[in-house]
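Position 112 of the sequence shown, counted from 1, bears residue number 112 in UniProt numbering, the numbering being contiguous throughout.
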Amino acid sequence: MNRLLANSVLRRCAINGGRSITGENTLQSSAAAVISLRPFDPAVIVRDHDFGNFQWMRMMNSGAEPTAKAPSVKQADSEKKKEGDDEVVPSSYWGISKSKVMREDGTEWPWNCFMPWDTYESNLSIDLSKHHVPKNFVDKFAFRTVKLMRIPTDIFFKRRYGCRAMMLETVAAVPGMVGGMLLHLRSLRKFQQSGGWIKALLEEAENERMHLMTMVELVKPKWYERLLVLTVQGVFFNVFFIIYISSPKLAHRIVGYLEEEAVHSYTEFLKDIESGAIENVPAPAIAIDYWRLPKDSTLKDVITVIRADEAHHRDVNHFASDIHFQGKELREAPAPVGYH
1 MNRLLANSVL RRCAINGGRS ITGENTLQSS AAAVISLRPF DPAVIVRDHD FGNFQWMRMM
61 NSGAEPTAKA PSVKQADSEK KKEGDDEVVP SSYWGISKSK VMREDGTEWP WNCFMPWDTY
121 ESNLSIDLSK HHVPKNFVDK FAFRTVKLMR IPTDIFFKRR YGCRAMMLET VAAVPGMVGG
181 MLLHLRSLRK FQQSGGWIKA LLEEAENERM HLMTMVELVK PKWYERLLVL TVQGVFFNVF
241 FIIYISSPKL AHRIVGYLEE EAVHSYTEFL KDIESGAIEN VPAPAIAIDY WRLPKDSTLK
301 DVITVIRADE AHHRDVNHFA SDIHFQGKEL REAPAPVGYH
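See the structure below:
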């Protein structure tokens, strides 16, 4: 509408000898209305021929015309496909697009779930025989609880260590997420830094999840095993959530003992691989990239690095529990960020 009014004014200017109009100056004629030329003013003065006065009329205008036409909603929400490719490419209307990440050898990075800067070489020199000897009631309660949890696992899975590892990882990935989430909320409530512990615990949860993604490539869970995972995870998450709120030192001690059991289970897994009871198949591609393993790595190499990860998680959680036993908060001690 502003454009229409501007054209009308210019025509009147030409008729009246080309008088210039700047700023707040107005152009008057006997038959035309007086128009204020302020670009962003939505009001225009028009003459009331019946009463000889001026009235203000609000024009339906929202400002200047956009310089470029915005894409339609249909265009923005539509998804296009590359020619000759089945990969779905979302519209770039929101300015979000996948970055092209390359490997060191020049090939394109194939994973979206993790990037090259998330990968690492596992420290295999860690002491696998460490054990926290229960010293008080909380330690003994945590130790006995973990031992009781192991009984149904041994009965159900026996020496099927692939399925056992898959179940173990669905449980082991929960504590880090619960602890990191609760510390995050605490930091927001109290306006305090976490000392890096939020990141450290979420790193642990992500690392355990990658263990699961690797095991799923090796072991295809049956329907009843999936149902069991759903049940166990639902129960364990809620129970551990309550425990962590009630007693963080107990929660971390339980996880420390769980990780000790994980080290033991993966050691037995390796024994069966070495004895030939379990075939030493080639390592999945996701494991080779995540742990920076050689291209010819096998299942034995994968289980070895996973076991080392579990030993690191064991140390982190026993260390966190010790901090609480000293009457301190986690933020008062340096967090083991990037400890693998």
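Cβ coordinates follow ideal geometry from the N, Cα and C atoms, glycine included.
| Item | Value |
| --- | --- |
| Going by DSSP, what residue range makes up the alpha helix (DSSP H) through V133? | Where V133 is concerned, there is no enclosing alpha helix (DSSP H), given that its DSSP letter is neither H nor E. |
| With 16 as the cutoff for other CB atoms within 10 Å, does S122 come out buried or exposed? | buried |
| If I306 and I273 are in contact, beta carbons under 8 Å, what's the gap, nearest whole angstrom? | Wrong, their Cβ atoms sit about 12 Å apart, outside the cutoff. |
| Helix, strand or coil: how does DSSP classify T119 here? | coil |
| With a threshold of 8 Å on Cβ separation, who are the neighbours of V101 within its own chain once the five nearest residues in sequence on each side are excluded? | E108, W109, M115 and P116 |
| By Cβ distance below 7 Å, which residues in the same chain neighbour G256 in space, the five residues on each side in sequence not counted? | H132, R314, N317, H318 and S321 |
| To which residues of the same chain is residue 343 closer than 7 Å at the C-beta, ignoring the five residues directly before and after it? | Residue 343 is absent from the model: the chain starts at 1 and stops at 340. |
| Could you tell me the distance, in whole angstroms, from the CA atom of I286 to the CA atom of P221? | 18 Å |
| Which first and last residues belong to the alpha helix (DSSP H) in which A173 is found? | Y161 to K190 |
| Give me the residue from K135, G106, E208 and F143 with the minimum Cα distance to E261. | F143 |
| In its own chain, which residues sit with a C-beta less than 6 Å from the C-beta of G196, not counting the 5 before and 5 after it? | A335 and V337 |
| Suppose contacts are defined by Cβ-Cβ distances below 7 Å. Is A180 in contact with L202 by that definition? | According to the sequence displayed, residue 180 carries Gly and not Ala. The answer is yes: Cβ separation under 7 Å. |
| Please state the DSSP three-state secondary structure of P284. | coil |
| Would you say A277 and D301 are within 7 Å of each other, going by their C-beta atoms? | no |
| Beta carbon of residue 358, beta carbon of M166: below 7 Å? | The structure shown has nothing for residue 358, since the chain only spans 1 to 340. |
| Between which two residues does the alpha helix (DSSP H) harbouring V101 extend? | V101 -> no alpha helix (DSSP H), and no H or E assigned at all. |
| Considering only the beta carbon of each residue, do V263 and L168 sit closer than 7 Å? | no |
| Mind checking A76: buried by the 16 CB within 10 Å criterion, or exposed? | Its pLDDT being 43, under 50, A76 is placed unreliably in this model, and the value from its coordinates should be taken loosely. Under this definition A76 is an exposed residue. |
| With distance defined between alpha-carbon atoms, name the residue in T170, L183 and D105 nearest to L212. | T170 |
| Identify, in the order they occur along the chain, each residue of the same chain with its Cβ nearer than 7 Å to the Cβ of E225, setting aside the five sequence neighbours on each side. | C163 |
| Among the residues of its own chain, which have a CB less than 6 Å from the CB of A172, if the five just before and after it don't count? | E208 |
| DSSP state of E261, grouped into three classes? | helix |
| Straight-line CA distance for T267 to S275? | 12 Å |
| Between which residues of its own chain and F325 is the CB-CB distance below 6 Å, once the five residues before and five after are set aside? | K249 |
| Using CA atoms only, rank isn't needed, just tell me which of R103, P134, D118 and V138 is closest to Y290. | D118 |
| Using alpha carbons as the reference points, say which of F237, S194 and G106 lies closest to K328. | S194 |
| Since I believe L182 is in contact with Y244 (beta carbons under 8 Å), could you give me their beta-carbon distance rounded to a whole number of angstroms? | 6 Å |
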